[in-house]
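Asks:
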Amino acid sequence: ATVIFGLNALNGRVTLKDGSVGGPWNSSNAEALIRYTIDHRYRIHGWEL
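Printed below as a string of structure tokens:
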């Protein structure tokens with residue numbers, strides 16, 4: 579199977595009154611997922627951000 583993960587930059591950010599988002603991105607969950615796939619030697623075709 580070919581696996582491609584799409585990551586978003588919204589974790590840890592807040593929605594502002596005008597509908598946009600602000601604040602820093604908490605990338606720890608994305609990093610944990612990437613490390614997990616490496617540790618388990620999963621073959622990932624790509625990562626999308």
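Heads up, the sequence shown is in my numbering, so the first residue is 579 and it goes up one at a time.
Glycine is no exception: its CB is placed at the ideal position from the N, C-alpha and C atoms.
#1: Is DSSP giving Thr-580 helix, strand or coil here?
#2: List the residues that DSSP assigns as beta-bridge partners of Glu-626.
#3: Going by C-alpha distance, which of Val-592, Gly-597 and Asn-586 is nearest Glu-626?
Replies: Looking at the atomic coordinates:
#1: coil
#2: Gly-584
#3: Asn-586
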